[in-house]
Each structure stands twice: as structure tokens, then as C-alpha cells.
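Colleague: Protein sequences, first through last, are from chains A and B.
Take the numbering used here: the final residue in the first sequence is number 133, and no numbers are missing along the way.
Take the numbering used here: the final residue in the second sequence is number 133, and no numbers are missing along the way.
The C-beta atom is built at its ideal place from N, Cα and C for all residues, glycine as well.
There are 2 protein chains.
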Amino acid sequence: MEERKPPYFAVIFTSMLKPGQAGYGAMAEKMASIVSQQKGFLGFDSARGGDGLGITVSYWESRDSIRAWKEVLEHREAQARGRDWYGHYNIRVAQVEEDRDS
Amino acid sequence: MEERKPPYFAVIFTSMLKPGQAGYGAMAEKMASIVSQQKGFLGFDSARGGDGLGITVSYWESRDSIRAWKEVLEHREAQARGRDWYGHYNIRVAQVEEDRDS
């Protein structure tokens with residue numbers, strides 16, 4: 032996401048994808064499409080390396096907008112399948128205090 | 032990084048690596064080695080996809096420990112070469128409020 036004046040919020044999602052997860056790509060694309068329509072959503076950045084470790088950081092106007100996204104039906108369905116796809120994952124919520132593009 | 036009780040701090044570094052950057056890997060390994068010895072450093076996660084977009088999130092005990100790392104000589108030298116390696120990059124500092132492993 033481009034630089035934006037703080038404060039705003041970030042959800043840092045790190046995950047280790049299991050090998051050979053058919054259907055994972057389609058789910059990830061669907062989530063990206065749905066999240067973009069959420070109230071308070073500002074953008075996201077995502078990268079996954081050859082070792083399977085992925086980091087997705089999504090940016091939000093408020094803690095309430097993060098909580099609302101957590102409860103969206105399609106997102107809850109994806110969350111319920113996390114164990115199928117990921118060997119391990121972690122979710123952090125953080126308040127952004129500084130933001131500088133170069 | 033494994034789950035850790037908040038509050039603590041995160042530096043979210045997103046970067047678009049230019050193609051064919053000889054020497055970049057060695058510099059990145061050197062930074063990873065040096066940062067691990069910094070006071071207040073808690074850990075980091077890093078991923079770069081095939082499109083060149085990379086995300087590295089480092090975790091810190093305090094804002095002061097982040098400021099101190101920014102001033103380390105070898106790190107300053109790497110920062111000065113950022114334009115050589117990256118088409119674009121962004122640095123965000125955030126306070127982690129929630130942290131949950133699964």
C-alpha cells in the first residue's frame with residue numbers, strides 16, 4: 032500500500048503453506064476480492080517465498096473495521112479451513128505510528 | 032516469530048527488488064546477522080515472491096531499540112544503497128496490540 036498518514040491499523044498475517052494445496056489459490060483470490068469491498072479497508076501487501084512462508088499485511092481505518100472483517104461469512108469459512116492449508120500461522124494486530132515511502 | 036505477549040513493536044518493510052541485483056543476497060544475510068545482535072530485537076519474518084515484492088517484519092521491545100538499529104553503521108550503509116536495489120520501498124513502525132499463533 033502507498034504511504035498514508037498514521038494512525039491507522041495493520042493486520043500482519045504470517046503463514047507456512049503446506050505443499051500441494053489445491054484450491055488454495057482460488058480461495059486466496061476470493062478473499063482478496065471480498066476484503067477490498069470491506070468498510071475501512073485501506074489496502075494490502077502480500078508475498079510468499081519458495082520455502083512456503085507467506086506474509087500478508089492488510090491495512091485498516093480502525094479496530095472496528097478489522098473486527099467486522101473477521102466476522103464476514105466467507106472469511107469465517109476460510110478461517111475454518113486454515114488447518115487444512117497451513118502448518119502454522121500467526122495473526123498480529125498493530126497500530127501504525129510511522130509510514131514513509133521511498 | 033512465535034507468539035509473544037503484547038505490547039511490543041513491529042517494523043514493516045515492504046520493497047520491490049529490481050531484477051539482477053548482484054550482492055543483494057549477501058547484504059541481506061549480513062543485515063540479518065547484525066540485527067539479531069541488537070538490544071531489544073525480538074525476531075523477524077521475511078518473504079519475497081516471484082514478482083520481486085518482499086515483506087520483512089522485524090519485532091522489537093521498544094521504539095528506542097528501533098531507533099538505535101536505524102543508526103547502526105552497517106545498517107546506514109545498507110540504507111544508503113536502497114535506491115540501487117529497490118524500485119520502491121516503504122517502512123512502517125507499528126505497536127502490536129494482539130498476537131495469536133495457530
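Tell me the rounded alpha-carbon separation between A:F72 and B:G85.
Modeller: Rounded to whole angstroms, A:F72 to B:G85 spans 21 Å at the Cα level.
Colleague: Taking Cβ to Cβ, would you say B:A63 is nearer than 7 Å to B:V127?
Modeller: no
Colleague: Residues of chain A with a CB under 7 Å from the CB of B:R112: which are they?
Modeller: Per Cβ cutoff of 7 Å: no residues; B:R112 is ~12 Å from chain A at best.
Colleague: In the segment 67-81 of chain B, which residues sit with their C-beta less than 9 Å from some C-beta in chain A, listed in chain order?
Modeller: Hits within the stretch, in order: D76, S77, A78, R79, G80, G81.
Colleague: By how many angstroms is the C-alpha of A:K101 removed from the C-alpha of A:Y55?
Modeller: 19 Å
Colleague: Assuming B:K70 and B:S96 make a contact with CB atoms under 8 Å, what is their CB distance in whole Å?
Modeller: Confirmed, about 6 Å.
Colleague: Would you identify the three-state DSSP class for A:E128, choosing helix, strand or coil?
Modeller: strand
Colleague: Measure the C-alpha to C-alpha separation of B:R94 and A:G113 and round it to an integer number of angstroms.
Modeller: Distance between the alpha carbons of B:R94 and A:G113: 33 Å.
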